[in-house]
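Report on the following structure.
2 protein chains.
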Amino acid sequence: MTRNPNMREAILSAAELLFSTKGFNAVSIRDIALEAGANPGSITYHFKSKDGLLLEIYKRHCGPMNKRRIELLVAARRVRDVQDRLEAIVRAYVQPAFSSSSDLAGGGARFTRLRAVMSAEGNAVVGRIIAEIFDDTTNAFIEAIEESLPHLPRTTIVWRSQFLLGALYYTLVSPERVTRLSRGEADGADMAEAIEQLVASTVASLQASDVDHLDTASHQTKSTQPPAKGAAGKRKENSTS
Amino acid sequence: MTRNPNMREAILSAAELLFSTKGFNAVSIRDIALEAGANPGSITYHFKSKDGLLLEIYKRHCGPMNKRRIELLVAARRVRDVQDRLEAIVRAYVQPAFSSSSDLAGGGARFTRLRAVMSAEGNAVVGRIIAEIFDDTTNAFIEAIEESLPHLPRTTIVWRSQFLLGALYYTLVSPERVTRLSRGEADGADMAEAIEQLVASTVASLQASDVDHLDTASHQTKSTQPPAKGAAGKRKENSTS
DNA sequence: GTCTATAGTGGGATAGAC
DNA sequence: GTCTATCCCACTATAGAC
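Just so you know, the sequences run in chain order D and B. At position 137 of the first sequence the residue is numbered 137 (the UniProt record's numbering), and the sequence of numbers has no breaks. At position 178 of the second sequence the residue is numbered 178 (the UniProt record's numbering), and the sequence of numbers has no breaks.
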């Protein structure tokens, strides 16, 4: 068999592909070796263990992606008009997640899908990485949004950034759902369209006024009834049945 | 050892808990048996296989949850004011996902987290169920939103419903991220707060005007350049609230 | 209906040839 | 640096005792 001069890269690429579509535990080292055209033994040679392989994938992508995000964020903060600036900030967060600036095979979308899967599985190896590597970048974005929307409490911005990341993840995880529900009129795998839709949706979400917190203690009303028609403000409903 | 008279229930509950936090493949039948206080053999007796167990969990929850959603949706459609109606519709979709009306142990949140994990892992058993059981309910919601926002194309509603589901999933999968990024000011595990934030965010998103599609052909994935400062670009002026 | 024992398979990781 | 061969363990599922 032809020896691949850069088998290490082939293994990384194959692992990314398989992990991001099937999850970590569903994929065996043998599966990865088969996909990469390598032998199982060479994987443990290069990465010592299956966990080590996953770690290497993260190290490979996190740097370039967040670097690109910060570059775009710096440019976005210089936009004068508030609405345009907000949109540029959100786009700076979203765009590198879909298509990495680095020339690594597969771009950013595959890695972002991998992140989505790992976070869903509660992967222990990844758990430590997240807080260390991503939070700095995320905080920079939250601060930029705070500057543009000074009336909005930080907690609300955090909630909406959570929804943004969840939407981003799910769009990459289940694009076929968009295609199916739209009866073929939209293509869930069209990433350019996904970015535009997601940016527009998020900017609108961020610009909404804060939710009311009329009272923090009284959970009297039964949660099963629809909100009153005149509803001036919204109250928390008891959801713990 | 004390024989549990309803071991079947204990197994289902234990499996739900473990699958929803660690994923399907990371959890062994032995793990479930240990958690439930049962023996591995009794699991295959009751559910025939690991897949059969997962299937049974879905059968157990899907019916009640979607029934509750439709009940709330019917009530929501009767709300007069458009803004209030939209909010009631979104709440009818979200609320049962967080707290099932049925008295099954653990409520709806655990099952919804399970759904999030399974969709991320691309689980084959679940894949078939989704389209059959959930799409009917989802279509009912999309139609209700279409009625309230007749100017918005169905495709855009589908995209925004995709973002809603993703946000919903991720909030249940990674609540600690909200707590961490808000520096303890918000509690990501506070489901009542999560519902309010999610509903407010989604209603604002839905009310935003549609994204512009100035040209349908030039959606290149390559556009890694930052948006122009003046933003003559690809967006309609949209006004929220 | 639940448990014990076990069959049969496939996993991760290792040692040493090339 | 890559491949072959192999060890040992954990897993799913089964058969039959109680």
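For glycine and all other residues, C-beta sits at the position ideal for the given N, C-alpha and C.
Going by beta carbon distance, what residues of the same chain come within less than 6 Å of residue i, once the five residues before and after it are set aside?
i	result
D:GLN207	none
D:ASN6	none
D:VAL79	ARG85, ALA88
D:LEU164	THR202
D:SER49	none
Relative to the alpha-carbon of residue i, which residue among the options has its alpha-carbon at the smallest distance?
i	options	result
D:ARG69	D:VAL79, D:LYS59, D:GLY52, D:SER99	D:SER99
B:VAL125	D:LYS22, D:LEU18, D:ASP136, D:ARG160	D:LYS22
B:ASN139	D:ARG183, D:GLU132, D:ASN139	D:ARG183
B:ARG60	B:VAL74, B:ARG85, B:THR112	B:THR112
B:ALA144	B:PRO64, B:ALA131, B:GLU87	B:GLU87
D:VAL82	D:LYS50, D:ASP51, D:PHE163, D:PRO150	D:PRO150
Beta-carbon within less than 8 Å of residue i's beta-carbon, same chain only, minus the 5 sequence neighbours each way: which residues are those?
i	result
D:ILE11	ILE32, ALA33, ALA36, ALA38, SER42, ILE43, HIS46, PHE47, LEU53
B:ARG91	LEU72, ALA76, ILE195, VAL199
B:ILE129	LEU55, TYR58, CYS62
B:MET191	PHE98, SER99, ALA109
B:THR137	ASN66, ARG69, ILE70
B:GLU146	LEU152, ARG154, ILE157
D:ASN123	PHE24, LEU54
D:SER119	VAL126, ILE130, TYR169
Taking residue i and residue j to be in contact with their CB atoms under 8 Å, please state how far apart those CB atoms are, rounded to whole angstroms.
i	j	result
D:GLY166	D:THR179	Between D:THR179 and D:GLY166 the Cβ distance is about 20 Å, and since that is not below 8 Å, they are no contact.
B:ARG110	B:SER20	5 Å
B:SER28	D:SER205	About 41 Å; that fails the 8 Å criterion.
B:TYR170	D:TYR169	6 Å
B:VAL117	D:GLU121	7 Å
D:ASN25	B:ASN25	4 Å
I'd like to know whether the C-beta atoms of residue i and residue j end up nearer to each other than 8 Å.
i	j	result
B:SER161	B:ILE89	no
D:THR155	B:ALA97	no
D:LEU181	B:ASP135	yes
B:GLU9	B:ILE57	no
D:ILE157	D:ILE133	no
Counting only the same chain and skipping the five closest in sequence on each side, list residues whose C-beta sits under 7 Å from that of residue i.
i	result
B:LEU152	ASP210
D:LEU18	VAL27, ASP31, ILE32, GLU35
D:ASP51	VAL125
D:PRO40	ILE29, ARG30, ALA33
D:VAL74	none
D:TRP159	none
D:THR240	In this predicted model, D:THR240 has a pLDDT of only 39, less than 50, meaning its place in the structure is not dependable enough to derive any value.
Quick one: is the Cβ of residue i within less than 7 Å of any heavy atom of the ligand SAM?
i	result
B:GLU35	As far as ligands go, the structure on display features none, and thus does not contain the ligand SAM.
### Task
Say whether the segment 174-193 of chain B touches the segment 186-198 of chain D, bearing in mind that this needs 3 or more beta-carbon pairs closer than 8 Å, one atom from each stretch.
In the pairwise beta carbon analysis, the segment 174-193 of chain B is classified as not touching the segment 186-198 of chain D: fewer than three pairs are separated by under 8 Å.
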